Amino acid sequence: MKHLLKLLDLSKDEIIELLDLADKLKADNKAGIPHPLLKGKTLGMIFSKSSTRTRVSFETGMYQLGGNALFLSNRDLQIGRGEPVQDTARVLSRYLDGIMIRTFAQQEVEDLAKYGSIPIINGLTDFCHPCQVLADLQTVREHKGTLEVNMCYIGDGNNMANSLIVGFLKVGAHVSIACPEAYQPDSQILEFVKQYPGQFFMTDKPMEAAKDADVIFTDVWASMGQEDEKAIREKAFAGYQVNAELLSVAHEGCMVQHCLPAHRGEEITEEVFEAHADEIFDEAENRLHAQKAVLVACMK
Ligand code: CP
Ligand code: NVA
-11 MKHLLKLLDL
-1 SKDEIIELLD
9 LADKLKADNK
19 AGIPHPLLKG
29 KTLGMIFSKS
39 STRTRVSFET
49 GMYQLGGNAL
59 FLSNRDLQIG
69 RGEPVQDTAR
79 VLSRYLDGIM
89 IRTFAQQEVE
99 DLAKYGSIPI
109 INGLTDFCHP
119 CQVLADLQTV
129 REHKGTLEVN
139 MCYIGDGNNM
149 ANSLIVGFLK
159 VGAHVSIACP
169 EAYQPDSQIL
179 EFVKQYPGQF
189 FMTDKPMEAA
199 KDADVIFTDV
209 WASMGQEDEK
219 AIREKAFAGY
229 QVNAELLSVA
239 HEGCMVQHCL
249 PAHRGEEITE
259 EVFEAHADEI
269 FDEAENRLHA
279 QKAVLVACMK
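Those letters in the sequence shown? Residues -11 to 288, by the working numbering.
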């Protein structure tokens, strides 16, 4: 695998191989068996948005693999003052062995890959969040023993929804999503789902989507960069909360997942969040293991 730009680019086999490697790296990490597979290599991490999990898990992951990670804020890089991405890509390719980037436009990530000569990993754009969903798939497989589950997503048709739909459909899950009509997933994703007739269902009624779910995902109503829309989004998503009533129509033992950060009292109740905290923090932990697999697959 050269890059991880979006899950649309990966085959089912490539996804499963990454998950298998992530499981192995996780088990060995717990057993204290080191894998210095990226010794002497440096990952640059460009951030144009905030991050807790992505930053810390990538940095720690590189360290555990014997390499090095550089935190590069766009406030300090010349890219933040208008240096073209084409030039940044060519310069950084001369110093680094890989780049992880979190930014707004998916095009910026695609351009880094196009103009640079080193692996590029997408650490979240407005369009998608592939690293998160690899960790999500790892977590669901760990807890359920299979990926052939009923996956339900409640809320904004945002970057998380886009990646969850692609990732879960590719590995054979049944996907139901509930979102307001004005907040549906990206048109590219709605085109993609046509390849999976009978496996995808979209509604604006959360209870319909949650029926018989094995795992329910949600995400914030206003993503990074949408802070100005907070009030109007709170209104639009008022009925789209993961709460006890919603879970009552899901399968018994239904998991709840959240990429975090969570807004208790908005997209999820405090009660549901705390009842599923172990699963949610396993999901957060798996960012580390899943991304180490991505780093090895791209950079070794
Ligand atoms: N879930 C996730 O990507 O978290 P951060 O924004 O903290 O990196
Ligand atoms: N949809 C959220 C995910 C954060 C990890 C955002 O883009 O802010």
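Note that the Cβ used here is the ideal one computed from N, Cα and C, for glycine as well. Just so it is clear, the structure is predicted and the values come from calculations on it, not from any experiment.
Is the separation between the beta-carbon of R82 and that of K37 shorter than 7 Å? On the sequence shown, position 94 is the one that residue 82 refers to. On the sequence shown, position 49 is the one that residue 37 refers to. No, Cβ-Cβ distance for R82 and K37 is not below 7 Å.
Do A201 and C140 count as a contact pair if the criterion is CB distance below 7 Å? Translated into positions along the sequence shown, residue 140 becomes position 152. Translated into positions along the sequence shown, residue 201 becomes position 213. Yes, the Cβ-Cβ distance between C140 and A201 is below 7 Å.
Identify which residue in I165, E98, L(-5) has its Cα closest to the Cα of E196. The sequence position of residue 196 within the sequence shown is 208, counting from 1. Nearest C-alpha to E196: I165.
Could you say which of L53, Q229, M88 lies nearest to I204 if we only look at CA atoms? Taking the sequence shown and counting its residues from 1, one reaches residue 204 at position 216. Looking at the Cα atoms, Q229 is the closest of the given residues.
Does the ligand NVA have even one heavy atom less than 6 Å from the beta-carbon of C247? Within the sequence shown, numbered from 1, the residue matching residue 247 stands at position 259. Under cutoff, so the answer is yes.
L6: first and last residue of the uninterrupted alpha helix (DSSP H) it sits in: Numbered from 1 along the sequence shown, position 18 holds the residue referred to as residue 6. Start and end: 0 to 19.
Using only alpha-carbon positions, find the residue among N62, L25, G227 that is nearest to G55. For the purposes of this step, residue 55 is identified with residue 67 of the sequence shown, where counting begins at 1. Out of N62, L25, G227, L25 has the C-alpha closest to the C-alpha of G55.
Any non-hydrogen atom of the ligand CP closer than 6 Å to R252 Cβ: On the sequence shown, residue 252 is found 264 positions in, with the first residue counted as 1. R252 Cβ: outside cutoff for every heavy atom of the ligand CP.
Would you kindly work out how many angstroms separate the C-alpha atoms of F189 and H246, rounded to a whole number? Start at 1 with the first residue of the sequence shown, and residue 189 comes out as number 201. Start at 1 with the first residue of the sequence shown, and residue 246 comes out as number 258. F189 and H246 have their C-alpha atoms roughly 20 Å apart.
Start and end residues, alpha helix (DSSP H) containing S151: In the sequence shown, residue 151 corresponds to position 163, counting from 1. Its alpha helix (DSSP H) spans residues 147 to 158.
Within the present structure, is the beta-carbon of D174 separated from the nearest heavy atom of the ligand NVA by less than 6 Å? Residue numbering aside, residue 174 sits at position 186 when the sequence shown is read from its first letter. Checking every heavy atom of the ligand NVA against the Cβ of D174, none is found closer than 6 Å.
How about V260 and V244: are their beta carbons less than 7 Å apart? As a first step, residue 260 is located in the sequence shown; it is residue number 272 there, counting from the start. As a first step, residue 244 is located in the sequence shown; it is residue number 256 there, counting from the start. It is a contact, given that the beta carbons lie within the stated cut-off.
Minimum C-alpha distance to L53 - residue among K29, S151, K182, C116: Counting from 1 along the sequence shown, the entry for residue 53 is found at position 65. Taking the Cα of L53 as reference, the smallest distance to any Cα among K29, S151, K182, C116 is reached at K29.
Going along the chain, which residues of its own chain have a beta-carbon closer than 7 Å to the beta-carbon of E136, five neighbours each way excluded? In the sequence shown, the residue the question calls residue 136 occupies position 148. G160, A161, listed in sequence order.
Quick check: the Cα distance between H117 and N146, rounded to an integer number of angstroms? Position 129 of the sequence shown, counting from 1, holds the residue named residue 117. Position 158 of the sequence shown, counting from 1, holds the residue named residue 146. Taking the straight line from one Cα to the other gives about 10 Å.
Which complete alpha helix (DSSP H) runs does the stretch 62 to 96 hold, if anything under 4 residues is left out? As far as the stretch 62 to 96 is concerned, its whole alpha helix (DSSP H) runs of at least 4 residues are 73 to 83.
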